[in-house]
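Numbering-wise, this note's numbering comes out as the position in the sequence shown, counting from 1, plus 33.
Reading through the structure tokens given below for one structure.
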Amino acid sequence: MQCAEGAGWGASQAGLGRARRPCGGLPGALELGVRWNEDSELGTASKRTRGFWRAGREVYLGDLQDEVIRKRLLIDGDGAGDDRRINLLVKSFIKWCNSGSQEEGYSQYQRMLSTLSQCEFSMGKTLLVYDMNLREMENYEKIYKEIECSIAGAHEKIAECKKQILQAKRIRKNRQEYDALAKVIQHHPDRHETLKELEALGKELEHLSHIKESVEDKLELRRKQFHVLLSTIHELQQTLENDDKLSEVDETQESAMEADPKP
34 MQCAEGAGWG ASQAGLGRAR RPCGGLPGAL ELGVRWNEDS ELGTASKRTR
84 GFWRAGREVY LGDLQDEVIR KRLLIDGDGA GDDRRINLLV KSFIKWCNSG
134 SQEEGYSQYQ RMLSTLSQCE FSMGKTLLVY DMNLREMENY EKIYKEIECS
184 IAGAHEKIAE CKKQILQAKR IRKNRQEYDA LAKVIQHHPD RHETLKELEA
234 LGKELEHLSH IKESVEDKLE LRRKQFHVLL STIHELQQTL ENDDKLSEVD
284 ETQESAMEAD PKP
């Protein structure tokens with residue numbers, strides 16, 4: 034079974050020999066890359082030179098110009114020799130149909146069973162890989178959705194943090210203004226002392242108002258007295274003037290009488 038698996042794998046590499054020249058190969062490998070010696074009856078192959086493992090995955094398509102090799106690479110799958118196994122199965126079936134003896138038919142029958150087992154194994158492997166890829170895709174979708182949710186949550190957290198930063202800046206600004214006002218207020222006296230001073234100033238102002246009213250009353254009284262005094266002085270002056278006029282008249286009459294002689 035192991036030899037048949039190696040045969041299938043080796044046969045799949047026959048179509049890939051032109052893909053890349055192996056390092057340190059023989060001169061003939063310049064054209065074919067890796068040469069294989071294949072037994073058409075047994076369906077086995079052996080490496081003649083050492084090539085690259087999993088050559089189907091390491092094919093450099095830039096150097097492939099043959100469209101047949103391209104199609105074979107596409108059909109061959111992951112490089113496990115599926116296309117080669119199918120061809121061998123068809124050849125074995127034809128040989129089994131054309132077998133002349135019972136032993137040869139039994140031998141071809143066993144080869145077909147071996148090839149079918151390999152194909153079934155490869156198919157099961159492919160199905161398992163397919164299921165694994167589906168699960169991986171589902172897992173990746175789940176991870177993608179989780180990442181999207183995480184990104185959305187991160188955006189929400191960033192927006193919330195921005196709001197918190199703005200609020201913190203506002204609080205800091207208010208605290209700075211509060212500290213500045215507190216420093217200004219500290220330079221002023223205490224409120225209770227200020228109220229006491231205001232109360233004392235109010236009482237003093239009330240006392241001064243009473244004094245002002247008293248002074249105004251006295252001033253009004255003195256003004257009236259001064260007015261009466263001026264009136265009295267004016268009357269006295271008039272009286273004195275009248276007296277002076279009367280004195281002058283009397284003196285004039287006396288002078289006239291003295292000047293005129295008696296008859």
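Where is the CB? At the ideal position from N, CA and C, for every residue including glycine.
By the Cβ test, the segment 115-128 is in contact with the segment 143-150, since at least three Cβ pairs between them sit closer than 8 angstroms. Following the DSSP letters along the chain, one finds residue 132 in no alpha helix (DSSP H), marked with neither H nor E. Cα atoms of residue 261 and residue 249: separation of roughly 18 angstroms, rounded to the nearest angstrom. Taken in chain order, the whole alpha helix (DSSP H) runs of length 4 or more contained in the segment 154-232 number zero.
By the neighbour-count criterion, in which 16 or more other beta carbons inside 10 Å mark a residue as buried, residue 148 falls on the buried side. For the pair residue 184 and residue 174, the Cα-to-Cα distance works out to about 15 angstroms.
Within its own chain, no residue has a Cβ closer than 8 angstroms to the Cβ of residue 258 once the five positions on either side in sequence are excluded.
By a beta-carbon distance limit of 8 angstroms, residue 152 contacts residue 118. Their separation comes to about 5 angstroms. Take residue 138, set aside five residues on each side of it, and the residues of its chain with a beta-carbon closer than 7 angstroms to its own are 129 and 132, in chain order. In this structure, residue 220 lies away from residue 227, with their beta-carbon atoms at least 9 angstroms apart.
Per the coordinates, the alpha-carbon of residue 225 lies some 43 angstroms from the alpha-carbon of residue 254.
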